[in-house]
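Taking the working numbering, the leading residue of the sequence shown gets 398, the next gets one more, and so forth.
Glycine is no exception: its CB is placed at the ideal position from the N, C-alpha and C atoms.
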Amino acid sequence: MEKIIGNVARITYRNNDNNWTVFTIDSGEDTITATGSIPPVSVGEQLEIYGEWVNHKIWGKQLAVTSAEVILPQREDEILKYLSSGAIRGIRSSTAKKIISLFGSDSLNIISDEPEKLASIKGISLKKAREISTSYIEQIGVRDCIMFLQKYGITVRMATKIYNKYKSNTVKLIKENPYILCETIKGIGFKTSDEIAMQSGIDKNSRQRIAAGINHILWEAVGAQGHTFLPKDTLLNSSAELLGIPIENISPILDSLIFNNKLDNFESNIYLSSYSYAEQTVAKSIINFIKQKAKSIKLVAPTNITLNYEQVKAVNMALNNSISVITGGPGTGKTTIIKSIIASCNKYDKSIYLTAPTGRAAKRMSEMCGEEAKTIHRLLEVGHSNFDDEYHSFIHNEDNPLECDMLIIDEASMLDIQLASSLFQAISNKTSIVLVGDVDQLPPVGAGDVLRDIIDSNVVPVVKLTQIFRQSEDSYIALNAHRINNGEIPLFEEDSKDFFLVNRDDQETILRTIIESAHRRKNEDFQVLTPMRKGTLGVYNLNQELQNKLNPKTEFSEEIQGSIGQIFRIGDKVMQTKNNYDIEWLNNETGEEGSGVFNGDIGIVSSVNEEDDILSVIFDDKREIVYNSNNINELDLAYAITVHKSQGSEYNEIIFPLFPTAPLLSTRNLLYTAITRAKKMVVLIGRESVLHTMVRNTHTQQRNSGLKRRLELLNQK
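Take a look at the structure:
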């Protein structure tokens, strides 16, 4: 192991995600090239580094750094070099000389502890002196934070985010209670916090550790499984397994968290308080709507539309109830019913809003109905969100409700409990609500199962559509979707023009066939759907392979690296992977401006600027958003997406691989959901035996959700 102490002479390259740096260091005897993850440094700063010599095939002899520590300069000449490097905002070479001339080797202490003394130097005001001090303290603080957290695998970017929240108290607070990281910083898990805690000597049975473990189990249930609660016994057993301590040590802490309203207990089911509140809000709102006197509007069918008995029943129900549900599979006439409701409201001068959970669903709703439709987020208008982007508010809420006579919510199966809570709170008591969706699809990506719970509670009028109206005489998409939903094998007829099975056996052959099929459709509105993220036929590998084929690198391509090593180029299809309520957008067609992009939104990269490390994306609804190094990790390639992520969207053509995988990812309703995303063509590629397995597999992961029970109880009062 080689030890070298010297000054940084040059920084050739730096990756701000993982802190990996290529730099040269002057030891006084020699100048060497070194590579590795080191704390943020500036030219002129002194480092103590340890590493091994390696011979790079292109760049020659280098030191591969295994550890590095920044040494603050001590001598006047070292301090002058450091201050002259530009490392501290507000100080350049001439100013550095003046500071050294006046304060000598005590200069750094003056800057950090007595910055007002800097104001005695010509050209430095008191305000500027304080800004210089703040810059220096922040630099040292961020560096200390990064060096402290780096050994736990926390990236520079994440460490900087942590420092920005807690400032100069960061390391002190983390040492006192490492669990504030997993409780307040999105992206930091319990295991990382627990590792820091155990190395800091915190007792395994401490209250802070047990409380953090309980919260971690509940958040995992929400995020990974879509549960809004866990039964108390399940939570205690899971917490004991995670923490490695007896249940009797955990139970009193859990009771205390409930007593102090940190958690909520409803019929021995334990909730994070925000999810319990969301369920209560939705249940109370629905019961309140039921009690309202509904408007009586007569049915007016649009021109050239003839409604069958089911459709007439559904429209009349919607027009004469304050809240109702219309559910049915593809081709059962849901859009025709929505058109008839719109026509009836227009005839009687009743105002109507159309909304859907995703941009693509809202766009399709607007195109099919000939009326403007907005996403729920845009309808409610995003307000403020906090630093961690966990919570947000909407401009329309219970104090500022939406004012309309009728609200139609399409793709209601996608409504998770939190979004439903925000929506229902913002609806005026004078508004009638119609929820339209396919309850047989997968549950929403977020927690809860709102549409199913409302239907199963039997407190809201429901019409389930069963008659299929084929798109055309030779269309098999709707027919086969219903066959799958009924447990029947889909038909593959010779005369079919829109439903195909391409038999392939092994995953590599399936992959190659998908790539070829996608390439033939590269100018079409197609989407590759898959059950999983990892593996040969998972999202990550499919996206890399599809990008290489559909949008390969050229000598003129500009590129930017995103999360998980993905490369983005102009023309790439991308998806937003988290809600970002603050990012600004511009609609270049209308000139409209706003903020907010949401999990599942899909767009195309329209420009890339390598030098400034930014790219622009135009989303389906023509919003253009500029991403930089701080938020580009919110994007993923989207040539292939999971079936779950496709909910609420519709594509002209879908390509879906059939291959053996885990039983939970080989279910009938997952296959049904994938099939129902297609408007014009379905191409299944793989083993027919897997298709049969999926049709037979009726397993559905039951979500713990209390909305149905709360509706039943409130309805009895």
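The continuous alpha helix (DSSP H) containing Arg1093 extends over residues 1085-1093.
Following the DSSP letters along the chain, one finds Met972 in no alpha helix (DSSP H) but inside the beta strand (DSSP E) bounded by residues 970-973. Between Ile534 and Leu546 a beta carbon distance of about 18 Å is seen, past the 8 Å cut, so the two are scored as non-contacting.
Across the structure, Asp850 and Ile667 are spaced so that their CA atoms are roughly 19 Å apart. By the neighbour-count definition (other C-beta atoms within 10 Å, threshold 16), Tyr745 is an exposed residue. Secondary structure of His453 (DSSP, three-state): strand. Taking C-alpha positions only, Gln708 is separated from Leu862 by approximately 8 Å.
Boundaries for Phe626: no alpha helix (DSSP H) harbours it, and the DSSP string shows neither H nor E there.
The way I'd put it, the region 946-954 doesn't touch the region 976-996; fewer than three beta-carbon pairs between them come closer than 8 Å. Here the region 605-622 does not lie against the region 796-807, with fewer than 3 beta-carbon pairs under 8 Å apart.
Pairing Gly483 with Met595, the inter-Cα distance amounts to about 39 Å. Here the C-alpha atom of Lys400 lies approximately 51 Å from the C-alpha atom of Val842.
Runs of alpha helix (DSSP H) with 4 or more residues, each lying fully within the region 769-844, are found at 773-777, 814-822, listed in chain order. At the C-beta level, Ala844 and Gly623 come within 9 Å of one another. Taking a 10 Å sphere around the C-beta of Gly968, we find fewer than 16 other C-beta atoms and assign the residue as exposed. Distance from the CA atom of Leu660 to the CA atom of Phe626, rounded to whole angstroms, is 10 Å.
Between Tyr576 and Gln605, the CB-CB gap stays under 9 Å. In this structure Ser719 is in contact with Gln689, their Cβ atoms being roughly 4 Å apart against a cut-off of 8 Å.
Per the coordinates, the alpha-carbon of Met398 lies some 18 Å from the alpha-carbon of Asp427. Positions of the alpha helix (DSSP H) runs, each at least 4 residues long and wholly inside the region 491-525, are given as 504-510 in order along the chain. Look at Leu983 here: in three-state DSSP terms it is strand. Under the three-pair Cβ rule at 8 Å, the region 671-684 does not count as touching the region 639-653.
Taking the Cα positions, Gln963 is about 8 Å away from Gln941. For the options Leu704, Glu573, Thr724, Pro754, the alpha carbon positioned closest to that of Lys736 is the one of Leu704. For the pair Tyr410 and Asn1025, the Cα-to-Cα distance works out to about 18 Å. In the three-state DSSP reduction, Phe545 falls in the helix class (H, G or I). Contact check for Ile702 against Thr733 passes: the beta carbons are separated by less than 9 Å. By the neighbour-count criterion, in which 16 or more other beta carbons inside 10 Å mark a residue as buried, Tyr706 falls on the exposed side. In this structure, DSSP gives Glu638 a helical state, which the three-state scheme calls helix. With respect to Leu777, Ser741 sits apart: the two C-beta atoms are not nearer than 9 Å. Under the 10 Å beta carbon count, Leu1088 is surrounded by 16 or more other beta carbons and is classified as buried. The bridge partners DSSP lists for Glu921 come to none. Among the bridge pairs identified by DSSP, Arg411 is matched with Thr418. For the pair of segments examined, the region 883-899 was found to touch the region 1071-1089: the number of CB pairs separated by less than 8 Å reaches three.
Shown here for Arg1107: same chain residues with a beta carbon closer than 6 Å to its own, the five before and five after excluded, namely Glu676, Ala680 in chain order. If you ignore the 5 residues before and after Ile687, its C-beta comes within less than 8 Å of the C-beta of Ser719, Ile720, Val856, Val857, Asn1112, all in its own chain and listed in chain order.
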